[in-house]
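Structure first, then comments.
As structure tokens, then:
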């Protein structure tokens, strides 16, 4: 009677609390709905993509008549012949650099050489959190004869204030020059020569012909590093770092020695990297492929891509592509999904004409292939070209790869191509030159589904939010579940006071049981940190093949795990309930995904897609439930499948299968892949080993949980 | 814009792609440019609430007889106009500024022309009498550019502005075309928007108002016999006299108050009056309240050096003019002569004026303002005055003259200044020596001319290139 009065006097809980309780009591249904909604929303993304538009009014691309004329194309041809001749009697590509420098000097522009060494592969798992400075500076290594030479030409804007610069980059391999690289050099030179005569420059122009014998990225990033981090070495250091073989580039000529001094222009407003790729004979038009993804999923401002796309398509008649998963283009299941969405969209459109979801099937398939590639490339966190080096210094940059459809020996077609390419580059430069501020109007966070279609951050957050939503609800439900269990235990104590004091203590300690689960989590996290650091030691082993390395890595990981369990006790021996274990797992995955979504959203998105269903539906294989055989079998099967998919090497295999269409298993490949990630100091590496792997291991622990204690408790009751 | 490095034609601005007419001639001045063009500065110019250090050239020196044209173009929207990227002028700000102008007797008639998208919304809040407003487009309409100049790479002129200019190209200086004919010349199919004008606040019939009241500076001048007191009290003594101003800036915002001051006077005796005025303006510009509050306490001094008596005559006229203003006492002083009596006798110089005491440097401190008058000797100031100025070094050390308004007047006959006999050059505090005469014959620039034109985001005052389309 008393308690009844008490209940009446108690105020009704607030709506949000009641809603929470309601959702927690139906958490399984809720999480199923949210997960499927998240996946459907993800699949819907291609039809939600919007057309791109120029936000920055100052850009006004294509409003000025291009000045690049056939004479400039002839100039490019002349340059090409000259550099071919220089290449013929060249030793180590030095004559080419000299030739380029001479040509630049004849234009009246400033020129300097930049010598650099390839930076060795280093394992920097934490480099993401530290600054980029100075790790690529030339090491004092007197014996190294293998160095690259970038040639840098600078046009000072005649009436500009010299505070800003636009960078043009043409990579070429000085050791083995292809004719298409010569073509891109010629294109770069002819644009540069035109710009040296332009009356409208407000920003300086820097033309970097990057020596890509150690990779384009290495050349550009070494140059950028020196550009932004000036070194003031004492005289002795200069002598020490003198690179052998570098001397014969200067023929004792005082004027030439001047080129050695590193020259700078203003702050970089934007950078355009362009190269001419191999001739491909599909398509009727020359095409341009845009690459924009920089490290950790950073993208340049969408306005830059828009300006390039607008000029290429609407002014110069190029076909513009972005990278796509070509295997998806022909996949049958995608076509089925596209059909489904198309019919759904047409039905919806009949209901409300404003819902424009009915995207045509080929558009959807193409959009998905592009989107998947866009997400994947951002998620990997490795730049797709040398534009990534610019992004590290907050410079908007985009790489353009021209794919001509003519034979390089065809002079007429080549001249026409040079004309159009030159006009495109000139147009982009003029557009960026118009800017008064930095790029700030348009999006930085976006996925591309087509060269002129994008999904902004506001839209692509939805699937992620939907996937993440059930996590707190399920955690609350699990906590609630363990509470009721405790109540049951208390009741049983109240019923039978005959039980020993030990039992009583144990149940009293129940409110602190999560501590043991947390201990398990801590041990696993410690293990993950150790595993992520192992490659540093494994790389010290000389002449190890990738397969050997990965086997060593796997063995060491297992040994460490066993050792840690020996030291801290098996996770099951302390009698941790699987529900608590699952709750800690959910906590850690929420924190991990939340953090990762800030660093690299695409990684978090893909991670959520794999991890969240695995976490939400994991339950011990031995757990008894009142379910029938069929649902139980389905649950078991899905648990096992998800756990397999969640294992990083398996996930890698699936990724590879999706992107390249080959499904061969190679153990060494995992090592190569990881090496790739840490070489580029991608945050994805940290995510994989500090978030993904521990969660997967916890999930395995939950799956293999013996469930004996709860059962014994039940028996006691 | 003319000096922007992006301009392919350095120091030139064109009204259309033919590149025939350079709008940025040698006689164009821009008072506010670049990041100086802010809403705050704009409102200060209109209402006259300036910091004391702002030079005259940056002020709108108008009075209750002024006709003012305010021409605004740029990016606009519903009841606002963008200034640069970050700021906007809202319609109620404009209405408030106009109301303040009205209450401070800063204009007689104000013509506001706005060329932006939804321009008509910008003047919807106005309610001060004497204001006539016209906008290039109604609410919900865009204003479009006329054409793209593909050489320069931007749209150089907007439709409304283009047809306004085209209208004036057909007129000559003495045309008596009315505002009505200008307003009716806007054709909806040409503008691609509806030019809307609001005349409920304007009393005169548009048929009777010649466009030259606002454009081209063809106005009646008022010839005053005594010192001009327009800024202190409202009284007019009209003597019509036609003068003309330079035509090149006929489409800029400008104030016709200039017309009230003769700037083509030949009679030397008038000039001192003008100079009194200038000094008074200086005093006023510095601290209007002081003049009003302290009344009789104000005192202006004139000191001169004169050998043959020309400058002395000038000085006396100035004194007469200044003394006619209430609260101002003008005293004449002479700079001590350095030549011997014998030398003066040989030069045939008349005796010095009696009753004008010689000045000692310390006496400068007592004056609230100083005017120096002197002849020129071979284009330089005479040694006597220089000797006197050298004697003020003690005062300079203590900075005791700092902040006093000062001016100069001179009489010259040397070839360097031929044709400017008896002409007074002046150098006001804060703008010493920076003043340029705009055109030959103009003794000085029309005061308060406000040369502000299209203010476009980031490019400031001189930017006449109007964007393709504004939203």
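Residue numbers (the UniProt record's numbering), protein chains in the order written: chain A, 1 to 717; chain B, 1 to 471.
Quick reminder that beta carbons are idealized off the backbone N, C-alpha and C, glycines included.
Quickly, what does DSSP pair residue i with across the bridge? List them, please.
i              : result
residue 319(A) : 287(A)
residue 411(A) : Answer by DSSP bridge pairing: none, since residue 411(A) is not bridged.
residue 35(A)  : According to DSSP, which records beta bridges pairwise, residue 35(A) is partnered with nothing at all.
residue 264(A) : Residue 264(A) is not bridged to any residue.
residue 408(B) : 372(B)
residue 149(B) : 154(B)
residue 206(A) : 154(A), 167(A)
residue 400(A) : 274(A), 290(A)
residue 77(B)  : 80(B)
Which stretch, first to last residue, makes up the alpha helix (DSSP H) that contains residue i?
i              : result
residue 35(B)  : Where residue 35(B) is concerned, there is no enclosing alpha helix (DSSP H), given that its DSSP letter is neither H nor E.
residue 760(A) : Only positions 1 to 717 of chain A appear in the structure, and residue 760(A) is not among them; the question remains open.
residue 578(A) : 578-599
residue 537(A) : 514-538
residue 551(A) : 546-568
residue 700(A) : 693-703
residue 447(A) : It is not in any alpha helix (DSSP H) - residue 447(A) instead sits in the beta strand (DSSP E) that spans 446-450.
On the premise that residue j lies in contact with residue i, defined as a C-beta separation below 8 Å, what is that separation, rounded to the nearest angstrom?
i              : j              : result
residue 707(A) : residue 578(A) : 7 Å
residue 43(A)  : residue 372(A) : 11 Å between Cβ atoms; not a contact.
residue 685(A) : residue 674(A) : 7 Å
residue 312(A) : residue 288(A) : 5 Å
residue 274(A) : residue 400(A) : 4 Å
residue 419(A) : residue 147(A) : About 36 Å separates the two Cβ atoms, so there is no contact after all.
What does the alpha-carbon distance come out to for the pair residue i and residue j?
i              : j              : result
residue 257(B) : residue 158(B) : Caution applies to residue 257(B), whose pLDDT of 34 falls short of 50 and renders its modelled position unreliable; the model cannot decide the point.
residue 29(A)  : residue 473(A) : 11 Å
residue 86(A)  : residue 208(A) : 19 Å
residue 316(B) : residue 377(B) : 21 Å
residue 680(A) : residue 295(A) : 8 Å
residue 334(A) : residue 344(A) : 15 Å
residue 107(A) : residue 84(A)  : 20 Å
residue 461(A) : residue 591(A) : 17 Å
residue 88(B)  : residue 80(B)  : 6 Å
residue 96(B)  : residue 445(A) : 42 Å
residue 538(A) : residue 558(A) : 15 Å
residue 223(A) : residue 182(A) : 21 Å
residue 638(A) : residue 612(A) : 13 Å
residue 693(A) : residue 24(A)  : 28 Å
residue 23(B)  : residue 264(A) : 37 Å
residue 411(A) : residue 78(A)  : 12 Å
residue 385(B) : residue 367(B) : 18 Å
residue 380(B) : residue 60(B)  : 33 Å
residue 292(A) : residue 594(A) : 25 Å
Give the range of the beta strand (DSSP E) segment to which residue i is assigned.
i              : result
residue 150(A) : 148-155
residue 134(B) : 131-135
residue 65(A)  : Segment: none, residue 65(A) is in no beta strand (DSSP E) and carries neither H nor E.
residue 113(B) : 109-115
residue 166(A) : 164-172
residue 214(B) : Careful: residue 214(B) lies outside any beta strand (DSSP E) and carries neither H nor E.
residue 456(A) : 453-456
Along the segment 6-22 of chain B, where does the CB come closer than 9 Å to a CB of chain A? Name the residues.
6, 7, 8, 9, 10
Given a limit of 7 Å on CB to CB distance, which residues of the segment 430-452 of chain A reach chain B?
430, 433, 434, 436
So if I threshold CB-CB distances at 9 Å, which residues from the segment 177-202 of chain A count as touching chain B?
198, 199, 200, 201, 202
Going along the chain, which residues of the segment 145-157 of chain A sit with their C-beta nearer than 9 Å to a C-beta in chain B?
157
If the cut-off is 8 Å on Cβ atoms, which residues from the segment 150-174 of chain B count as contacting chain A, listed in chain order?
150, 151, 152, 153, 154, 155
Pull out every residue of the segment 57-75 of chain A whose Cβ sits closer than 7 Å to any Cβ of chain B, in chain order.
Hits within the stretch, in order: 57, 60, 63, 64, 65.
Give me the subset of the segment 16-41 of chain A whose CB atoms are less than 8 Å from a CB atom of chain B, sorted by chain position.
none
Compile a chain-ordered list of the residues in the segment 120-149 of chain B whose CB is closer than 9 Å to at least one CB of chain A.
148, 149
Mind checking the segment 158-177 of chain A against chain B and listing, in chain order, the residues whose C-beta falls within less than 9 Å of any C-beta there?
158, 159, 160, 161
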